Every structure is written in C-alpha cells, then in structure tokens.
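> So the sequence shown is numbered by the numbering used here: it starts at 2 and just counts up by one.
All residues carry an ideal CB built from backbone N, CA and C; glycine is no exception.
Remember, predicted model here, so these are calculated numbers, not experimental data.
Submitted below is the structure of interest, expressed as structure tokens.
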Amino acid sequence: MTEDSNINADKNFIISEAGRCVACSLCLPHCPTYQLAQLETESPRGRISLLLAMANGQLPATDHLNDMLHHCLLCQACETHCPSSVPFSRLMDKGRHLLRQELQTVSLKNRVASKVIDFSLRNPEWIRIATQFTWLLQCLPKSGKESNKREIIDYLASKQQHRRWRTDYPAKVSGKQVSLFLGCVSRSMDGRTLDDAIYVLNQIGFSVIIPPRQSCCGALCLHAGREEEATRMMQKNIHAFAATETPIIQTASGCGTSLVAYKDYLPDKGFSSRIDDISHFIDSHWPDTLNVSSRKWVAILHTPCSMEKSATDTNAPFRLLNRFTNIDIRRVKSPYSCCGAAGTKMLTDYAVSSRLREPVLAQITREIPDVVLSSNIGCALHLSEGLRQVGINIPVRHPISLVADILRNQLTLGNP
Ligand code: SF4
Ligand code: SF4
C-alpha cells in the first residue's frame, strides 16, 4: 500500500466505524480517564469526536492532538458497555496510525528512539540493554515526573533476567502437545511465570513446544500507531507457529488480547483461534484424578482489563484457584477498570497511572494477603513497583505460579 492509500484506508475506517457512536454517554461512567478528569476530551465519546474530526479534515494533526489521543489507556471498558458495539480500540489504533502518518514533526531523537524500541521488541533479549538508556524511554509519547520515571526504570532493570528456553519440554507421559507464546516483556522480565507454566503443563500431561522464531505480539507498536511494524510481528508469529496445529498458550493477558485479534489485520491461517490463556487451558484440562491440597493462602486476585475484554474466560484464574480449598481468594475492588499499567502508560504518564493504582494498593495494604495474583506481566510489574514504594513486601505473581508451587510442594511430600 502507498502512504496515500494507507491514509485513505484509515480515514474511511474511522468515518464508517465512528459513525456508529450515537453519543448516548453510557460508556462515560466506565472510562477511568473520564472518572479522573471529568472532561469530555478524556472520555470515549470525546475521543471518538476528535478522531472523526481529524478523519474528516476538520481538525489538523498536531502534537497536542497526539498527546490527547495517547491519554487513552486502551482498557476497552467503553467497548464492553457500548450498546452500539463501536470498536473503540481499533478506532483508536487507526487514529494514532493516521496521526503518525500525518505528523511531520517527529524529531531525529524520537525517530532513533523509535527504531531502537522496534528492534528491542523484535529481539526481546535486547530489552535489557535498551532499557539501560534512559533517554530512550524519555522519548516515549509523554513524560511523567523525572524522579519517578528514573525509579521505575531502575525497578524494571532490576527485574530483568537473561533466559533462553529449549524448543521442547516433553511431558513424562501422554503424547498431547501445546505451543507456548513467550512474549517480549515476559521472556525478559518474567521467566519464572513461563517456567511455572511449562511445569504445570508437563504435570498434567502436555508436552510444551517453544517455536524459536516467535516475536513480540505487536500490541505496543499497534497502540503507538505503528501498524506496519505490528503487522510484521504478527506475520512472524503466524509463521513461527505454523509448523503444528497445537493450541498456543499465552501467560500475559495483554498479549492474549492482541494475539486473538490477528485475524482482524491479516489472513492468519487459523492462528487467532488457537490462542488460549494458561489458566483457562489448565482449568479445562485438569485431570479428574489429580486431587491436590494446599496450605492456607490469602490471595488478592487482580483481573487485568485486557482479560475482561479478551476472548478468553475472565473467570478462569478464579475457577482454577478455587480447585484448592485452602485458598482464600479475594477479588480486587476498584472503581477503575484499569490498574494504570496500560502498556507503556506506567512509564509515560506516571501521575495518572499511579492514581489508578491507588485503590488496589489501599486494598492490599488493608488486607495484607500472602500473595497478589495478576495474569498480566505489565499489571504485575506496576503493582509490585507500587508496593515497593509504600514499603510492603508482598509478592505479585501470576496465578499459574501459585498453582506450580502447590503442585511442587505436593509432589515433594510424595502425594499424587
Ligand atoms: S456507549 Fe457507545 S454509542 Fe454511546 S457514547 Fe459511548 S461509544 Fe458512543
Ligand atoms: S479505552 Fe479505556 S481509557 Fe480509553 S476511552 Fe475507552 S474506557 Fe476510556
């Protein structure tokens, strides 16, 4: 596609889909940025008007408009409550893509940063090196307070691990197989969750294949308006997982939402329909003969907004954990649908992302659980960094890690 036909395709999509909005305002009370700011421009309806005006040529592409559109968390709470089924997140991605093409003011510094970030997302082992360059992260769309940003970067750098996985982790018995999607942030900062997923899958009789040439899911590029790079990552993943027809298991719900949407962007050869969330898969395939008891745990379970809107079963982590009678599972209670992590938001807009996190931290501080559980690495890092700031040492982990610990303990004790 030429640049002009790309621009026209974006405009046509926005004009046709934004036109479905009847301005009923039913989405407004569910939008976290509107809840905080009480401004129309910080609401889904206001953002749709901005996108429509831009696509119709009534509003010029400016850095200010770019900033306003990047305030959206892409939490999709508005989509869930929209009676007209406005595809808000696709509209926003298209709008950011259109804006990016029309903006002529991208500085050399930002262009270099953008290239390095793209390269790191395609080659996750480079995330560790890339994040050492603070200037790089300062080039992200909008900056928070510098001292806070420095702390987050230091925190993220401290979480990084260098890991490589084998291509095959056979189960001791049974010939059933699944493939595992590693994810760029997960493989560089959350190897433990991936190891625990492999362990539990093996224990319930599934061999795990890890296709070596898989890429980042593309979500961060897509949401930054870089659709071409995102599509290249999608193609790479479709190709990497094409050798088998196994289910593809993801351990980060943010990636999951993106992976199931590949079919909206290109012919995916059935890739999207093979995606499954680890908790959902394990719960659905839990052997009837495997009865496991655990010690008493108090766990606060956070449900990421990416899980609320994804095709996977929102309740799967709860159902899986509920198999162990000694776990007291408490749901996160927050007036906001998003904890504030929201992709790169925790780096680019610290003030908003930390305000959205406050109710979750307050609940954890009040109830002092043994563990906080979240199915998305971004949310887990954001909550964990918040707990560290208030001096509370409670681990934030993926639900599958708790299941893995319980199974390991049981097997060490010589039961099933
Ligand atoms: S709920 Fe849907 S139709 Fe109503 S204002 Fe929001 S986006 Fe528009
Ligand atoms: S995606 Fe979330 S933050 Fe963005 S407009 Fe919708 S509800 Fe608001």
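Using a threshold of 7 Å, is the CB atom of Arg46 nearer than that to any non-hydrogen atom of ligand 1?
The residue you call residue 46 lines up with position 45 of the sequence shown. Result yes, Cβ under 7 Å from ligand 1.
> For ligand 1, any of its heavy atoms closer than 7 Å to the Cβ of Leu27?
The sequence position of residue 27 within the sequence shown is 26, counting from 1. At least one heavy atom of ligand 1 is nearer than 7 Å to the Cβ of Leu27, so yes.
> Is DSSP giving Tyr337 helix, strand or coil here?
Counted from its first residue, the sequence shown places residue 337 at position 336. Here Tyr337 sits in coil by DSSP.
> Would you say the beta carbon of Pro84 comes nearer than 7 Å to a heavy atom of ligand 1?
Sequence index remark: in the sequence shown, residue 84 carries index 83 (1-based). Yes - ligand 1 has a heavy atom lying nearer than 7 Å to the Cβ of Pro84.
> Are Ala78 and Cys306 closer than 8 Å when you measure CB to CB?
Locating residue 78 in the sequence shown gives position 77, where the first residue counts as 1. Locating residue 306 in the sequence shown gives position 305, where the first residue counts as 1. Yes, the Cβ-Cβ distance between Ala78 and Cys306 is below 8 Å.
> For Ala343, which three-state DSSP category applies?
Against the sequence shown, residue 343 aligns to sequence position 342. Three-state DSSP puts Ala343 in coil, outside helix and strand.
> Taking all protein chains shown into account, do 16 or more other C-beta atoms lie within 10 angstroms of the C-beta of Gly145, making it buried, or fewer, making it exposed?
For the purposes of this step, residue 145 is taken as the residue at position 144 of the sequence shown. Note that Gly145 scores a pLDDT of 46, beneath 50, so its modelled location is shaky; the value from the coordinates is reported in the next line. Per the 10 Å Cβ criterion, buried.
> Looking at Asp191 and Ile378, is the spacing between their C-beta atoms short of 8 Å?
To locate residue 378, count along the sequence shown from 1; it is residue 377. To locate residue 191, count along the sequence shown from 1; it is residue 190. In this structure, Asp191 lies closer than 8 Å to Ile378 by Cβ.
> Select from Tyr337, Ile369, Ser375 the residue whose C-alpha is nearest the C-alpha of Pro360.
By 1-based counting over the sequence shown, the position of residue 360 is 359. Selected option, being the one with the closest Cα: Tyr337.
> Is the beta carbon of Arg167 less than 8 Å from the beta carbon of Val87?
To locate residue 167, count along the sequence shown from 1; it is residue 166. To locate residue 87, count along the sequence shown from 1; it is residue 86. No.
> Count the other CB atoms within 10 Å of the CB of Ser85; is the residue buried (16 or more) or exposed (fewer)?
Counting from 1 along the sequence shown, the entry for residue 85 is found at position 84. Exposed is the call here.
> Is the beta carbon of Thr252 closer than 8 Å to that of His31?
What you label residue 31 is simply residue 30 of the sequence shown in a count that begins at 1. What you label residue 252 is simply residue 251 of the sequence shown in a count that begins at 1. No; because the gap between Cβ atoms is not below 8 Å, this pair is not in contact.
> Are the stretch 343-354 and the stretch 217-225 in contact at 8 Å, needing three or more beta carbon pairs?
Touching, yes, given that three or more Cβ pairs across the two stretches are closer than 8 Å.
> For the stretch 155-218, which segments carrying the alpha helix (DSSP H) assignment without a break, of at least 4 residues, lie completely within its bounds, in sequence order?
If we require 4 residues or more, the alpha helix (DSSP H) runs fully inside the stretch 155-218 come out as 185-190, 192-204.
> Identify which residue in Ser273, Ala363, Ala56 has its Cα closest to the Cα of Ala10.
In the sequence shown, residue 10 corresponds to position 9, counting from 1. Answer by Cα proximity: Ala56.
> Tell me the rounded alpha-carbon separation between His98 and Glu228.
Start at 1 with the first residue of the sequence shown, and residue 98 comes out as number 97. Start at 1 with the first residue of the sequence shown, and residue 228 comes out as number 227. Their backbone Cα atoms lie some 6 Å apart in a straight line.
> Bridge partners for Leu302 per DSSP, in chain order?
The sequence position of residue 302 within the sequence shown is 301, counting from 1. DSSP, once it has assigned bridges, lists Arg332, Leu374 as partnering Leu302.
> Let me know if Glu230 comes out buried or exposed under the rule of 16 or more other beta-carbons within 10 Å of its beta-carbon.
Sequence index remark: in the sequence shown, residue 230 carries index 229 (1-based). With 16 or more Cβ atoms within 10 Å of its Cβ, Glu230 is classed as buried.
> Under three-state DSSP, which class holds Val361?
By 1-based counting over the sequence shown, the position of residue 361 is 360. Here Val361 sits in helix by DSSP.
> According to the neighbour-count rule (16 or more other Cβ atoms, all chains shown, within 10 Å of its Cβ), is Ser354 buried or exposed?
Taking the sequence shown and counting its residues from 1, one reaches residue 354 at position 353. Burial call: buried.
> At which residues does the beta strand (DSSP E) containing Asp278 begin and terminate?
As a working mapping, residue 278 is identified with position 277 in the sequence shown. Per DSSP, Asp278 belongs to the beta strand (DSSP E) from 276-278.
> Helix, strand or coil: which one does DSSP assign to Ile250?
What you label residue 250 is simply residue 249 of the sequence shown in a count that begins at 1. In the structure shown, Ile250 sits in a strand (DSSP, three-state: E or B).
> Between the Cα of Lys1 and the Cα atoms of Val373, Ala244, Thr349, which residue gives the shortest distance?
Coverage of the chain is limited to positions 2 through 417, which leaves residue 1 absent and any answer about it impossible.
> For ligand 1, I want to know if Cys79 counts as a neighbour, meaning its beta carbon is within less than 7 Å of at least one of the ligand's heavy atoms.
Counting from one through the sequence shown, the residue named residue 79 turns up at place 78. At least one heavy atom of ligand 1 is nearer than 7 Å to the Cβ of Cys79, so yes.
> Looking at the strands, I want to know which residues DSSP matches up with Val23.
Counting from 1 along the sequence shown, the entry for residue 23 is found at position 22. DSSP, once it has assigned bridges, lists no residue as partnering Val23.
> Quick one, are the C-beta atoms of Leu70 and Leu100 less than 8 Å apart?
For this step, residue 70 is matched to residue 69 along the sequence shown. For this step, residue 100 is matched to residue 99 along the sequence shown. A contact, by the Cβ cut-off of 8 Å.
> Could you tell me whether any non-hydrogen atom of ligand 1 is closer than 7 Å to the CB of Ile395?
Residue mapping note: residue 395 aligns to position 394 of the sequence shown, counting from 1. Ile395 Cβ: outside cutoff for every heavy atom of ligand 1.
> Could you tell me whether the stretch 171-190 touches the stretch 239-258, using the rule of 3 or more Cβ pairs below 8 Å?
Yes: at least three Cβ pairs fall under 8 Å.
> Cβ of Thr42 within 7 Å of any heavy atom in ligand 2?
Along the sequence shown, read from residue 1 onward, the residue named residue 42 stands at position 41. For ligand 2, not one heavy atom lies less than 7 Å from the Cβ of Thr42.
> Thinking C-alpha only, which one of Glu309, Ile49, Asp329 is nearest Val299?
Residue mapping note: residue 299 aligns to position 298 of the sequence shown, counting from 1. Comparing Cα-Cα distances from Val299 to each of Glu309, Ile49, Asp329, the minimum goes to Asp329.
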